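Novice: I am attaching a structure below and will ask some questions about it afterwards.
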Amino acid sequence: MTLQSPSPPEQSRAAAESGLRLLAGLGRVRTETLLPAAPDDLRLSDPVQMYTLAPGQALADARAVAWRYLVRHGDEPVALAETVRDASGEHVFSQLNYGPFVAGTAAALDAASGPVGAGEGAGVAEDAGVAEVRLLHVPAVHLIAVWLHGDAGDTLIPAPPVPAGLDATRAYPAGALLALTAELAPPPLPPTDPRGGT
1178 MTLQSPSPPE QSRAAAESGL RLLAGLGRVR TETLLPAAPD DLRLSDPVQM YTLAPGQALA
1238 DARAVAWRYL VRHGDEPVAL AETVRDASGE HVFSQLNYGP FVAGTAAALD AASGPVGAGE
1298 GAGVAEDAGV AEVRLLHVPA VHLIAVWLHG DAGDTLIPAP PVPAGLDATR AYPAGALLAL
1358 TAELAPPPLP PTDPRGGT
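In terms of my numbering, the sequence shown is residues 1178 to 1375.
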């Protein structure tokens, strides 16, 4: 499979770089050793557009919500920088994430580009055509997956940590993984529940 990574809008990249430089200048960007990183020691890599989806929805219903970038200190991913569109439609810096999905996203991206059977993932067939690299977020089950969107079909590669019952960095046909997420999702609250409902 040939992977294509769309270039982010220049305004998004500029906003991510500005936010990263500001936080690094304030000493708020930490390396893997937890020491502050200087702005010039950090770089953005692997820009990918992130989509969200509710369990039970079709992949065609996924909404583009952000651009995410791995922040690297040398070769090590240390954070995720994110930009979103504001009310006026401008791309603005929204957050710097240090959580477990930093390494998880890097691992899933590596699995997507690796050969069949590489690592713990099932790999992606090399003859499956061209696919656009995206991220899919299913908040209700705390899942982030690399989404390979191609004419020949869609493949999802969960980024660790994953919900119980799923294999991290394994390539799943999209329909199969979405069926599993629908089973993992908590039941919706009834309209009469004081905590809310639909």
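Where a beta carbon is used, it is the ideal one built from N, C-alpha and C, also for glycine.
This one's a predicted model, so the numbers in the text were calculated from it and none came from an experiment.
1) Thinking Gly1281 and Ala1193 are a contact (beta carbons under 8 Å), I'd like their distance in whole angstroms, please.
2) Return the Cβ separation of Asp1238 and Leu1230 in integer angstroms, given the expectation that the two are a contact with Cβ distance under 8 Å.
3) Does the distance from the C-beta atom of Gly1327 to that of Val1307 stay below 8 Å?
4) Going along the chain, which residues of its own chain have a beta-carbon closer than 7 Å to the beta-carbon of Pro1316, five neighbours each way excluded?
5) What beta strand (DSSP E) runs, 3 residues minimum, are completely inside the segment 1181-1243?
6) Which of the three DSSP states is assigned to Ala1256 in this structure?
7) Mind pulling the beta strand (DSSP E) runs of 3 or more residues that sit fully within the segment 1290-1360?
8) Using C-beta distances below 8 Å, list every residue in its chain close to Ser1184, excluding the 5 sequence neighbours before and after it, in chain order.
Specialist: According to the structure shown:
1) By 1-based counting over the sequence shown, the position of residue 1281 is 104. By 1-based counting over the sequence shown, the position of residue 1193 is 16. Taking a contact as a CB-CB distance under 8 Å, the pair Gly1281 and Ala1193 does not count as one, their CB atoms being some 19 Å apart.
2) Counting from 1 along the sequence shown, the entry for residue 1238 is found at position 61. Counting from 1 along the sequence shown, the entry for residue 1230 is found at position 53. Correct: roughly 6 Å between the Cβ atoms.
3) Taking the sequence shown and counting its residues from 1, the one referred to as residue 1327 is at position 150. Taking the sequence shown and counting its residues from 1, the one referred to as residue 1307 is at position 130. Taking 8 Å as the Cβ cut-off, Gly1327 and Val1307 qualify as a contacting pair.
4) Here residue 1316 refers to the residue found at position 139 when the sequence shown is read from its first residue. Taken in chain order, the residues that qualify are Thr1229.
5) Entirely contained in the segment 1181-1243, the beta strand (DSSP E) runs reaching 3 residues are, in chain order, 1219-1229.
6) Residue 1256 sits at position 79 when you count from the first residue of the sequence shown. Strand at Ala1256.
7) The qualifying runs are 1307-1315, 1320-1327, 1330-1335.
8) As a position in the sequence shown, residue 1184 is number 7, starting the count at 1. These residues qualify, in order along the chain: Pro1224.
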